[in-house]
Amino acid sequence: MRVAAVGVGGAGGRIVEQLWRDSHQRETLYLGAACAIDTDTHALSQLTALPENQRHSFGLFETDGTGTDGDRTSAIAAIEDERLEVRRAIDSALTSDIDALVLVAGLAGGTGGGATAYIADALKEVYTMPVYCLSVLPAQQGDEAAVNTIHALRILKAAVDTQILFDNKTWLGSGQTVDEAAKSLNETVVTRLGALFAAGEPTNSGSVGQSAVDASEIITTLSGSDFATLGYASQELEPDEATGDGTIIDRLRSQLFSGDADDINEIEAYDVVETTLHRAVRGKLTAECTLASTDSALTVFAGPPRWLLRDAVTDGQRWLADELQSPEMRSGDMPTPDQSTVSVLVLLSGITELPRVAELKTLT
Ligand SMILES: Nc1nc2c(ncn2[C@@H]2O[C@H](COP(=O)(O)OP(=O)(O)OP(=O)(O)O)[C@@H](O)[C@H]2O)c(=O)[nH]1
Ligand SMILES: [Mg+2]
Numbered sequence: 001m002r003v004a005a006v007g008v009g010g011a012g013g014r015i016v017e018q019l020w021r022d023s024h025q026r027e028t029l030y031l032g033a034a035c036a037i038d039t040d041t042h043a044l045s046q047l048t049a050l051p052e053n054q055r056h057s058f059g060l061f062e063t064d065g066t067g068t069d070g071d072r073t074s075a076i077a078a079i080e081d082e083r084l085e086v087r088r089a090i091d092s093a094l095t096s097d098i099d100a101l102v103l104v105a106g107l108a109g110g111t112g113g114g115a116t117a118y119i120a121d122a123l124k125e126v127y128t129m130p131v132y133c134l135s136v137l138p139a140q141q142g143d144e145a146a147v148n149t150i151h152a153l154r155i156l157k158a159a160v161d162t163q164i165l166f167d168n169k170t171w172l173g174s175g176q177t178v179d180e181a182a183k184s185l186n187e188t189v190v191t192r193l194g195a196l197f198a199a200g201e202p203t204n205s206g207s208v209g210q211s212a213v214d215a216s217e218i219i220t221t222l223s224g225s226d227f228a229t230l231g232y233a234s235q236e237l238e239p240d241e242a243t244g245d246g247t248i249i250d251r252l253r254s255q256l257f258s259g260d261a262d263d264i265n266e267i268e269a270y271d272v273v274e275t276t277l278h279r280a281v282r283g284k285l286t287a288e289c290t291l292a293s294t295d296s297a298l299t300v301f302a303g304p305p306r307w308l309l310r311d312a313v314t315d316g317q318r319w320l321a322d323e324l325q326s327p328e329m330r331s332g333d334m335p336t337p338d339q340s341t342v343s344v345l346v347l348l349s350g351i352t353e354l355p356r357v358a359e360l361k362t363l364t
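In this text, residue positions in the sequence shown follow the numbering used here: the first is 1, and each later residue adds one.
Following this line, the structure appears as structure tokens:
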């Protein structure tokens with residue numbers, strides 16, 4: 001699926017930059033356009049990957065170009081004044097092949113939490129494609145962070161099609177600050193988001209899955225849903241796993257690239273697909289939820305084609321339907337003949353029971 005990503009505020013800009021890097025590293029260029037919007041000119045200048053002309057400031061009058069320091073009302077005043085300028089800046093980056101817009105913001109921030117829903121409204125006035133938001137929940141417990149977040153979740157619910165949640169609190173190591181961990185937090189969320197978007201795009205190598213996912217399936221899974229979360233796991237294919245007798249990496253590579261299907265131990269391959277799926281669903285999600293509250297799910301199995309055994313995928317889907325108590329299910333595969341990794345991405349959509357959102361509400 002070809003997306004345009006718009007980062008709002010400090011966290012938004014940094015995550016969009018990471019998407020930009022990820023998209024250029026993959027076999028599929030899923031990011032059709034990207035830009036960063038902030039009231040903080042210094043934060044914009046600190047970005048390193050996004051070209052200068054894809055960074056835009058607003059609210060210089062309200063904030064002197066130094067950000068809002070958590071004050072969402074000044075970000076809202078600023079975006080109400082400048083919505084047309086901001087929309088024009090985003091328009092200029094868009095191309096006709098975009099399937100969806102993805103806003104990205106840290107909801108506890110004044111700028112990200114305040115302005116993002118207004119930017120979504122401005123975009124919805126002119127575009128018919130879906131507008132999603134990657135909504136980052138704060139790790140810190142402060143009242144202001146909680147109030148900004150709950151306010152932003154509510155106004156974004158009305159403004160965007162679906163919010164995909166990422167909870168810093170779940171992913172922050174103990175004793176770490178968000179600043180210290182930002183790089184790894186952003187890599188975590190982007191690995192997952194990138195795996196989802198890349199799944200709906202053809203690869204450069206021309207490989208086509210037995211049942212490739214297309215953009216419309218991702219859009220259908222996300223439609224009619226307020227909140228979504230992502231699960232992911234990957235498994236490096238060690239020489240042991242490829243051959244069962246622990247030989248050298250060359251042997252593995254020759255099996256992956258040129259050997260017969262028989263070269264792969266089917267029991268081993270079945271096990272890799274099954275275990276990776278279980279880890280994706282039962283490991284940490286981008287935001288924790290009650291699995292049974294899922295309304296629809298999309299699974300993407302990626303790896304060297306011969307490792308993605310039909311039986312393992314079919315049985316895996318059956319297991320997942322059970323775990324999630326029978327939501328609407330979709331799945332597809334993403335052949336990556338040049339990689340020695342199997343990975344599974346699970347998009348859970350229409351989720352209603354989110355303990356972290358409930359906890360934030362009690363703090364407001
Ligand atoms: N995952 C992640 N979270 C971040 C990052 N930077 C900040 N955050 C968190 O996101 C929330 C909002 O922070 P910022 O994005 O810096 O705030 P802002 O939107 O720029 O708003 P103001 O600076 O208050 O105008 C806070 O809870 C931060 O802890 C980041 O790079 N990654
Ligand atoms: Mg800021």
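Idealized CB from N, CA, C, for every residue including glycine.
query                                                                                                                                                                                             : result
Is residue 13 closer than 9 Å to residue 44 when the C-beta atoms are compared?                                                                                                                   : yes
Classify residue 29 as buried or exposed, calling it buried when 16 or more other Cβ atoms lie within 10 Å of its own Cβ.                                                                         : exposed
Any idea if residue 358 is buried or exposed, counting beta-carbon neighbours within 10 angstroms, 16 or more meaning buried?                                                                     : exposed
Given 8 Å as the limit, is there contact between the region 299-308 and the region 178-187, that is, 3 or more CB pairs closer than that?                                                         : no
Could you give the DSSP three-state label for residue 353: helix, strand or coil?                                                                                                                 : coil
So which residues touch the region around ligand 2, with touch meaning a C-beta under 6 Å from any heavy atom?                                                                                    : 9, 10, 40, 43, 67, 109 and 111
Roughly how many whole angstroms lie between the Cα atoms of residue 259 and residue 120?                                                                                                         : Note that residue 259 has pLDDT 45, beneath the 50 cutoff, so the model's placement of it is unreliable and the number below is only indicative. In a straight line, the C-alpha of residue 259 is about 50 Å away from that of residue 120.
Could you pull the start and end residues of the beta strand (DSSP E) that residue 234 belongs to?                                                                                                : 227-236
DSSP on residue 335, reduced to helix/strand/coil?                                                                                                                                                : strand
Could you tell me which uninterrupted alpha helix (DSSP H) segments, each at least 4 residues in length, are contained entirely in the region 122-187, listed from first to last along the chain? : 143-159 and 168-171
Does the Cβ-Cβ distance between residue 298 and residue 318 come in under 9 Å?                                                                                                                    : no
Please classify residue 80 as buried or exposed, where buried requires at least 16 neighbouring CB atoms within 10 angstroms.                                                                     : exposed
What's the call for residue 198, buried or exposed, on a 16-neighbour Cβ count within 10 Å?                                                                                                       : buried
Taking all protein chains shown into account, decide if residue 355 is buried (16 or more other Cβ within 10 angstroms of its Cβ) or exposed.                                                     : exposed
Please say whether residue 138 and residue 365 have beta carbons closer to each other than 9 Å?                                                                                                   : Limits of the chain in this structure are 1 at one end and 364 at the other, which puts residue 365 out of reach.
Check whether the region 110-128 and the region 55-71 touch, using three or more Cβ-Cβ pairs below 8 Å as the test.                                                                               : yes
State the DSSP-derived secondary structure class of residue 301, mapped to helix, strand or coil.                                                                                                 : strand
Provide the residue span of the beta strand (DSSP E) that contains residue 100, from first to last.                                                                                               : 100-106
Would residue 105 pass as a contact of residue 9 if the rule is Cβ separation under 9 Å?                                                                                                          : yes
Please return the same chain residues whose Cβ sits closer than 6 Å to the Cβ of residue 22, not counting the five positions on each side in sequence.                                            : 190 and 194
So what does DSSP say about residue 346, is it helix, strand or coil?                                                                                                                             : strand
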